[in-house]
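Reading through the structure tokens given below for one structure.
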Amino acid sequence: MARSFGRLGPSVATLPRTIARALAVPEHCFMSDDVVVPPLPTTKPIRLIAETGRAVKGAQTAGFAMPSVETLLGLYRQMVLARRFDAQVTALTRQGRLATYPSALGQEACEIAAVASLAPNDWLFPTYRDTIALLTRGVSPVEILSFFRGDWHTGFDPHAHHISPQSTPLATQALHAVGLATAAKLKHDDVVALTFLGDGSTSEGDAHEAFNFASVWQSPTVFVIQNNQYAISVPFSKQSHARTLADRAIGYGMPGYFVDGNDVAAMYAVITAAVERARSGGGPTMIEGLTYRMEAHTNSDDPTRYREKGEVAEWQGRDPVDRLEKYLTAAGALTDDVRGSIAADAEVLAAATRGAMNETPVLDPLELFDHVYSAERPALLEQRAFLAHELAQTEQTLTEMAGRA
Amino acid sequence: MARSFGRLGPSVATLPRTIARALAVPEHCFMSDDVVVPPLPTTKPIRLIAETGRAVKGAQTAGFAMPSVETLLGLYRQMVLARRFDAQVTALTRQGRLATYPSALGQEACEIAAVASLAPNDWLFPTYRDTIALLTRGVSPVEILSFFRGDWHTGFDPHAHHISPQSTPLATQALHAVGLATAAKLKHDDVVALTFLGDGSTSEGDAHEAFNFASVWQSPTVFVIQNNQYAISVPFSKQSHARTLADRAIGYGMPGYFVDGNDVAAMYAVITAAVERARSGGGPTMIEGLTYRMEAHTNSDDPTRYREKGEVAEWQGRDPVDRLEKYLTAAGALTDDVRGSIAADAEVLAAATRGAMNETPVLDPLELFDHVYSAERPALLEQRAFLAHELAQTEQTLTEMAGRA
Amino acid sequence: MTLIDETAPAVIHSPQAKNEPAAATSISIAGALNAALRDALAEDPNVVVFGEDVGPLGGVFRITDALNAEFGENRVWDSPLAESGIVGTAIGMAMYGLRPVIEMQFDAFAYPAFEQITSHLAKMRNRTKGRVTLPIVIRIPYAGGIGGVEHHSDSSEAYYTHTPGLTVVTPSNPADAYSMLREAIRSDDPVIFLEPKSRYWAKDTVSLPVETPPMNRAVVLREGTDVTLLAYGPTVKTALHAAELGAAEGLSIEVVDLRSLSPFDDETVGASVRKTSRAAIMHEAAQFGGYGAEVAARVTERQFFHLAAPVLRITGFDIPFPSPKLEEHYLPTAERVLAALDTWEW
Amino acid sequence: MTLIDETAPAVIHSPQAKNEPAAATSISIAGALNAALRDALAEDPNVVVFGEDVGPLGGVFRITDALNAEFGENRVWDSPLAESGIVGTAIGMAMYGLRPVIEMQFDAFAYPAFEQITSHLAKMRNRTKGRVTLPIVIRIPYAGGIGGVEHHSDSSEAYYTHTPGLTVVTPSNPADAYSMLREAIRSDDPVIFLEPKSRYWAKDTVSLPVETPPMNRAVVLREGTDVTLLAYGPTVKTALHAAELGAAEGLSIEVVDLRSLSPFDDETVGASVRKTSRAAIMHEAAQFGGYGAEVAARVTERQFFHLAAPVLRITGFDIPFPSPKLEEHYLPTAERVLAALDTWEW
Ligand SMILES: Cc1ncc(C[n+]2csc(CCOP(=O)(O)OP(=O)(O)O)c2C)c(N)n1
Ligand SMILES: Cc1ncc(C[n+]2csc(CCOP(=O)(O)OP(=O)(O)O)c2C)c(N)n1
Ligand SMILES: [Mg+2]
Ligand SMILES: [Mg+2]
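Dropping the structure here:
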């Protein structure tokens, strides 16, 4: 590939290979020619907008530049829409309209920044948590929520949106992302794959295998770890003993970034740079966004059993939307008009979501047999016929009962 | 536990926790109180004896002290015995007496240093490659080779030797080591578990899970990765894109050491320090020994398909036994007498091994049913009876045929 | 986090003595399992409980409720999120004399541990000629019926029952849940303990501690003369319901709760089938290669000339487990049992 | 290492055209598989081959011999050593339009990939209503008979055949090896392609390319009238041998090579059993919950009133696969087949 290497943020430039070598140890033994040795990620998360809403200067930016006000305004709009959607879905779930819903409240900066960094041909590999990322990428509420309502496992067309089904088996989707990115690379296509991972899921073997395959194959993959500090009830301190998860990157010879996951400006700057680097042949990047899961794990979880209210309140004070709002307001970009029109859009979205979920889906139980194999199997057709017969009988019984009544 | 923390080699002391923290990020969020932040492993392997046989001074020792001449002489003796044994077993395998044998020729420094670092109550978790480690720990040749001859899966009593069965499914045994070490810690017992891993096996998910569990639980485990640069035919450059495997340690918040695996003095110094550190409550350590597999993967492998003879010859020049021999000879410890007596012992061992393998083992096929469950199962007894009947019939047919002849 | 928790309560809890049973109370399967874990932890200091969310949360199904607070971090704790790691470290612990009771959060989430289970857990005793035993219980909430999204409703028993070296059991009621879990923890063999998650909240009046028949035995739950209906775990209730419906139609159905899937209780089942001369087996898992195939095959092998008709299988379809709104069409029902029995020539 | 290898040969190899078959030559199963991979790689640029040691070494069984040199690093390459990673990345590649053919080095070493296989590979088409298809072939050398040490001789077919969404096939001879592998690679469904490793070097005279019956059909290899003996993969040869021995004793054994384990060819098998009225199934895997259970159950269900005797299972014992010196006592033999047939009342 005759492409130039991408930049990955000025101050976190990849080091030249000036590492001292063992005398008498052949070079190929422990380092291939294109190994990039990044410095250790900082333990202070990279940040561009402080909690006060003011721009951060100096080392903590790691040299990343503040996105333009237009960009930030666009991100703000998406975050507000996403938050409204998330709240609406949580409400619908409480009302029993959905089987389950894992909210991403508080994680909007990570979710929206990631989606905003991708080009249309790029692929997104989300988990169950990343519903608002799907929304932001343009999947319709009903196509998204079909899964959580329980109609079918995936309600949208992955190929139409370049989004894989939301993955429940933890960390498994990271390998799919690496595979897809590698296939695109083999075909010389301009496609990057971005996968989300939770802090808990980084403990799975598949996470490691994905990091390693991506780096050995130099596949154009971006790993966005949303460290929301809990895996259901298990706090991060029981998940890892490392300084940061981003520290893992060095062990794969890939750049790693520890970022304030509630600062959408920082997340956007770092992820965009990583996507660009992947796109231009520079290989994978690991990004950890430090954030917080404000809601319960899902509606059936009871977080009072494992965390203090005070902790949640503390993180409320670090809200990603508030922070951006302050910054944009100070920058004069977020006037009451703009805010109002975004809020109105959000209400339209919420209403549409409610409307869609208030309709009862029409499901055909016989479709259960239609997508298991590409070719028909006689034995499965027998089972399909059995169910068809049973359904017909039930129908008949109901009709008869109705007739009698 | 009121034990003091162990030392881990003077110049690789664990850093105090003086790391800058994120403003406003609660401390517990990304680093627990007892996280030890080691510096990155060096990319020049730690070395105490140069290939010339001379003692190394300066930075490359990483502050580790040269073991005493007595210690080195002991290690030398074990290495010579192990090498002779290994050669004998390879020869027996070529003669068809064993089903398979993965030789550790060239890896004696790693193998013997690890075993020598352990106290009798410590546990060893070896792979199929680490046969000479078993020998060095005192398992008899016949008990060891019973597995490779094909008599039974494990020929020795793991509890008697504190050695788990040689593991074939790659990296799986590392988790067993972590579990055993954790159990010992829970029981306040003075037991360390040491597990070997190959370079290839570090790519498996289980390796990652073992590193992570060990560090989160601060279990007294020592991981000795023998990077012999091949996983069967696959060179290390296709296995990892990192500078060194020891770089992985930082991502688990544990110390990592990249060591010259053909320098038994260095391996012994580093492993001993790690074992001592684990013993005194300091948690796990990852050690990568850079070495080379001189023989084929096993007798059924054909290395000419994937590596140049020149490469092998190059590594012959870095032989771990030769190097130590030069050092000890120069130190005046290895006189012709001593050398001769060790060589004689090695011949006795080889003869005993030959003798043992020339006897035909007496195997009872019915024992196949005896160790599957602790309690008898009627259905299994039926199958046992079936085989017993079949064996009796065969016996009878043979007797009849003999009678007729 | 350090594992050793010096502040953990040192109190040894004594399980209720067998000769002074508590008064009978209404208890769910979940409650009975919780009580069994508590009593086992109290009785044997080598018993430890760990896994995902089994600590302060008490597990997503609350089976380990309050045990972390009661026994401390050294006995009941949250592990990192990695199933192979959980099984693999449990193996090492068992080699050192502990008796780990570990939880896989849902059936399909045990699959990452498949290699540790098949290649080590199941084989260790055999590999070492009985020298290394692994007294480990893997608790797995399994099967459907709770409207779970994909990967939360698998019936994975066939994978485990086909693996020599494993004992596989599944209770269907609170008394068995308690008694069988206690027995599983006492067993020197690894036990896959399958918990029918749709039945967790089903209650019975039981006085704990209770001792029901040994966990390797099937039990006749309802006598009958026309047909032997074999069920286990989540389908037992449906089988009993089918027997009720059958009785109304004049059909006398004998319901056998298998309880033990491996080993299979040929004796109890054989006796029942010889009496009724007809048999059917129910399960939620897909039919093809499911556990019912083994049951049908061995009952037929052993009772062929007593059988008036082929053994029937009333099971899930040969498709991935459906989404919540469609699972009712997949799960075997009492009506399907009766419809199946109707296909026989009587 | 960079994956993109600009120096790889750009030549497109054209597979031998069907209308001009090569002269018949003696070829082994291993050779036929190698030829099938070569022709598939040449025909379809989306076919890629990767796994452990499949590159320059050509695989530990040499099934991918010379393909790396011929097609270059971008088509045939060595992956890192991680089975879940191999299956997981193959899934992502297939989502992008490639047709990966991946190798698990030995049966038991596929277990680390079990979650990717059961929860994703098997279910993706269903999860997405057919929108995402995964045309992936997983080649797995399986079963015993080569004196392999532990974990190198498992027969794991029952795990895969019980998993809806997978197609599972296994050839027993060189012509089928070629034809079925070509068909598997062309299939839009994931195929578990089980290769009987003890038969890799068995030769036949074949002219490639050869097209044998579709891979979802069973084939009658030897006609007979007294009993239908069902076999697959490594046991087919033993079954044919048993038929020879039987013939010498006046017993006419019809041997059916199942070829396809999932789906099962009810039609071919049913026709044979209705003719002979007796059936037996052979496999190396443990009997309990093995594939033979499904075969026995469904043949009995469908042919009960044609059967003069219960379906017999001649299989491995319910124990872990033995060490090399003891495997001969475990593996089903022709003598055991005849002994089993003798247990029937004739
Ligand atoms: C392989 C696997 N094991 C267990 C689970 C059950 N489970 C679902 S979510 C979850 C916690 C995941 O935590 P994390 O990765 O931090 O993501 P978050 O939910 O915080 O977004 C667990 C244990 C699962 N889905 N998959
Ligand atoms: C899970 C698993 N996958 C594949 C194999 C087959 N296999 C045996 S040894 C080996 C290479 C291992 O390489 P490495 O870990 O570097 O150890 P070495 O043999 O070099 O000592 C492979 C692929 C296996 N034993 N286990
Ligand atoms: Mg989380
Ligand atoms: Mg190696």
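Taken in order, these protein sequences are the chains called A, B, C and D. Under full-length UniProt numbering, the first sequence has 373 at position 373, and the numbering climbs by one with no breaks. Under full-length UniProt numbering, the second sequence has 377 at position 377, and the numbering climbs by one with no breaks. Under full-length UniProt numbering, the third sequence has 293 at position 293, and the numbering climbs by one with no breaks. Under full-length UniProt numbering, the fourth sequence has 245 at position 245, and the numbering climbs by one with no breaks. Idealized CB from N, CA, C, for every residue including glycine. Keep in mind the model is a prediction, meaning the values are calculated, not measured.
Could you tell me the boundaries of the alpha helix (DSSP H) in which residue 282 (chain D) lies? If you number the fourth sequence from 1, residue 282 (chain D) lands on position 282. Taken as a continuous stretch (DSSP letters only), residue 282 (chain D) belongs to no alpha helix (DSSP H), being part of the beta strand (DSSP E) at 279-286.
By Cβ distance, which residues of its chain are closer than 7 Å to residue 158 (chain C), with the 5 residues on each side in sequence left out? Here the question's residue 158 (chain C) lines up with position 158 in the third sequence. Excluding sequence neighbours, residue 158 (chain C) sits near 285, 289, 290 and 291.
Using a cut-off of 7 Å between C-beta atoms, extract the partners of residue 153 (chain A) located in chain C. If you number the first sequence from 1, residue 153 (chain A) lands on position 153. Residues of chain C whose Cβ lies closer than 7 Å to the Cβ of residue 153 (chain A) are, in chain order, 150 and 323.
Within 7 Å: the Cβ of residue 228 (chain B) and any heavy atom of ligand 4? Working through the second sequence from its first residue, we reach residue 228 (chain B) at position 228. True, at least one ligand heavy atom lies under 7 Å from that Cβ.
Close Cβ partners of residue 245 (chain B) (< 7 Å) along its chain, the five nearest in sequence each way excluded: Here residue 245 (chain B) is taken as the residue at index 245 of the second sequence, counted from 1. Within the same chain, Cβ atoms closer than 7 Å to the Cβ of residue 245 (chain B) are found at 199, 202, 225, 227 and 288, the five residues on either side in sequence being excluded.
What do you reckon, are the CB atoms on residue 29 (chain D) and residue 200 (chain D) nearer than 8 Å? Position 29 of the fourth sequence holds residue 29 (chain D). Position 200 of the fourth sequence holds residue 200 (chain D). Contact flag set, yes.
Report whether the distance from the Cβ of residue 173 (chain B) to the nearest heavy atom of ligand 2 is below 7 Å. Counted from its first residue, the second sequence places residue 173 (chain B) at position 173. No, ligand 2 has no heavy atom inside 7 Å of this Cβ.
To the nearest angstrom, how far is the alpha carbon of residue 264 (chain C) from that of residue 213 (chain C)? If you number the third sequence from 1, residue 264 (chain C) lands on position 264. If you number the third sequence from 1, residue 213 (chain C) lands on position 213. When rounded, the distance between both Cα atoms is 14 Å.
Given a cut-off of 8 Å, decide if residue 158 (chain B) and residue 131 (chain C) are closer than it, judged by their beta-carbon atoms. Numbered from its first residue, the third sequence carries residue 131 (chain C) at position 131. Numbered from its first residue, the second sequence carries residue 158 (chain B) at position 158. Contact flag set, yes.
Within 10 angstroms of its Cβ, does residue 124 (chain D) collect 16 or more other Cβ (buried), or is it exposed? As a first step, residue 124 (chain D) is located in the fourth sequence; it is residue number 124 there, counting from the start. That one is buried.
Own chain partners of residue 133 (chain D) with C-beta closer than 6 Å, once the 5 adjacent residues on each side are dropped: Position 133 of the fourth sequence, counted from the first residue, corresponds to residue 133 (chain D). Correct list, in chain order: 125 and 188.
Would you mind stating whether residue 219 (chain C) and residue 257 (chain C) have Cβ atoms separated by less than 8 Å? As a position in the third sequence, residue 219 (chain C) is number 219, starting the count at 1. As a position in the third sequence, residue 257 (chain C) is number 257, starting the count at 1. Cβ distance < 8 Å, so residue 219 (chain C) and residue 257 (chain C) count as in contact.
So what does DSSP say about residue 203 (chain D), is it helix, strand or coil? Counting from one through the fourth sequence, the residue named residue 203 (chain D) turns up at place 203. Look at residue 203 (chain D) here: in three-state DSSP terms it is strand.
For residue 267 (chain A), does the count of other Cβ atoms within 10 angstroms reach 16, so buried, or fall short, so exposed? On the first sequence, residue 267 (chain A) is found 267 positions in, with the first residue counted as 1. So residue 267 (chain A) counts as buried.
Cβ pair residue 82 (chain A), residue 111 (chain A) closer than 8 Å: For the purposes of this step, residue 82 (chain A) is taken as residue 82 along the first sequence, with counting starting at 1. For the purposes of this step, residue 111 (chain A) is taken as residue 111 along the first sequence, with counting starting at 1. Yes.
Measure the Cβ-Cβ separation of residue 293 (chain B) and residue 58 (chain D) and say whether it is below 8 Å. Here residue 293 (chain B) is taken as the residue at index 293 of the second sequence, counted from 1. Here residue 58 (chain D) is taken as the residue at index 58 of the fourth sequence, counted from 1. No, Cβ-Cβ distance for residue 293 (chain B) and residue 58 (chain D) is not below 8 Å.
What do you reckon, are the CB atoms on residue 146 (chain C) and residue 168 (chain C) nearer than 8 Å? Translated into positions along the third sequence, residue 146 (chain C) becomes position 146. Translated into positions along the third sequence, residue 168 (chain C) becomes position 168. Taking 8 Å as the cut-off, the beta carbon of residue 146 (chain C) is found no closer than this to the beta carbon of residue 168 (chain C).
Roughly how many whole angstroms lie between the Cα atoms of residue 401 (chain B) and residue 392 (chain B)? Translated into the one-based positions of the second sequence, residue 401 (chain B) becomes position 401. Translated into the one-based positions of the second sequence, residue 392 (chain B) becomes position 392. Spanning the alpha carbons of residue 401 (chain B) and residue 392 (chain B) requires a straight line of approximately 14 Å.
Taking the C-alpha atoms as reference points, what is the distance between residue 412 (chain A) and residue 301 (chain B)? Nothing about residue 412 (chain A) can be read from this structure; chain A reaches only from 1 to 405.
Residue from C:46, C:209 and C:261 whose Cα sits closest to the Cα of residue 195 (chain C): In the third sequence, counting from the first residue as 1, residue 195 (chain C) sits at position 195. Closest by alpha carbon: C:261.
Use the C-beta contact count for residue 290 (chain A): other C-beta atoms within 10 angstroms, 16 or more gives buried, fewer gives exposed. Working through the first sequence from its first residue, we reach residue 290 (chain A) at position 290. Buried is the call here.
Is the Cβ of residue 36 (chain A) closer than 8 Å to any Cβ of chain D? Taking the first residue of the first sequence as 1, we reach residue 36 (chain A) at position 36. With a pLDDT of 41 at residue 36 (chain A), under the threshold of 50, the modelled position of this residue cannot be trusted; read the value that follows with caution. No - not a single Cβ of chain D is within 8 Å of the one on residue 36 (chain A).
Within the 8 Å Cβ cut-off, does residue 80 (chain C) reach chain A? Locating residue 80 (chain C) in the third sequence gives position 80, where the first residue counts as 1. Residue 80 (chain C) counts as touching chain A.
Decide if the region 277-288 of chain A is in contact with the region 69-80 of chain A; the criterion is three or more beta carbon pairs, one per stretch, under 8 Å apart. With the cut-off at 8 Å, the region 277-288 of chain A and the region 69-80 of chain A do not touch.
Quick one: list the residues of chain D neighbouring residue 277 (chain C), beta-carbon separation under 7 Å, in chain order. For this step, residue 277 (chain C) is matched to residue 277 along the third sequence. By Cβ distance, chain D contributes nothing, its closest Cβ being about 13 Å from residue 277 (chain C), past 7 Å.
Excluding the 5 residues preceding and the 5 following residue 319 (chain B) in the sequence, name in chain order all residues of the same chain whose CB lies nearer than 8 Å to its CB. Mapped onto the second sequence, residue 319 (chain B) falls at position 319. Excluding residues within five positions, the ones whose Cβ falls inside 8 Å are 106 and 262.
What whole-angstrom Cβ distance do residue 60 (chain D) and residue 105 (chain D) have, given they're in contact under 8 Å? Counting from one through the fourth sequence, the residue named residue 60 (chain D) turns up at place 60. Counting from one through the fourth sequence, the residue named residue 105 (chain D) turns up at place 105. Contact between residue 60 (chain D) and residue 105 (chain D) holds: their C-beta atoms lie close to 6 Å from each other, under 8 Å.
Please identify, using Cβ separations under 9 Å, the residues of the region 229-260 of chain D that lie next to chain C, in order along the chain. Legend: CB atoms of the region 229-260 of chain D lying less than 9 Å from CB atoms of chain C are not found in any residue.
Could you check which residue in C:240, C:97, C:33 and C:87 has the C-alpha nearest to that of residue 66 (chain C)? As a first step, residue 66 (chain C) must be located in the third sequence, where it is residue number 66. It is C:33.
Go ahead and pull the three-state DSSP assignment for residue 286 (chain B). To locate residue 286 (chain B), count along the second sequence from 1; it is residue 286. Reduced to three states, the DSSP call for residue 286 (chain B) is strand.
Inter-stretch contact at 8 Å, needing at least 3 Cβ pairs: the region 312-329 of chain B / the region 249-258 of chain B: No, the region 312-329 of chain B is not in contact with the region 249-258 of chain B.
How long is the line joining the alpha carbons of residue 142 (chain C) and residue 235 (chain C), rounded to whole angstroms? The sequence position of residue 142 (chain C) within the third sequence is 142, counting from 1. The sequence position of residue 235 (chain C) within the third sequence is 235, counting from 1. Each residue's alpha carbon lies about 12 Å from the other.
So, is the C-beta of residue 318 (chain C) closer than 8 Å to a C-beta in chain A? Indexing the third sequence from 1 puts residue 318 (chain C) at position 318. Chain A contact via Cβ: present.
Chain-ordered chain C contacts of residue 379 (chain A) [CB-CB under 8 Å]: Start at 1 with the first residue of the first sequence, and residue 379 (chain A) comes out as number 379. Near residue 379 (chain A) (Cβ distances below 8 Å), the residues of chain C are 288 and 318.
Report whether the distance from the Cβ of residue 277 (chain A) to the nearest heavy atom of ligand 3 is below 7 Å. As a first step, residue 277 (chain A) is located in the first sequence; it is residue number 277 there, counting from the start. Between ligand 3 and the CB of residue 277 (chain A), the shortest heavy atom gap is not smaller than 7 Å.
Consult DSSP for residue 69 (chain A) and reduce its assignment to one of helix, strand or coil. Within the first sequence, numbered from 1, the residue matching residue 69 (chain A) stands at position 69. When secondary structure is reduced to three states using DSSP, residue 69 (chain A) falls in the helix class.
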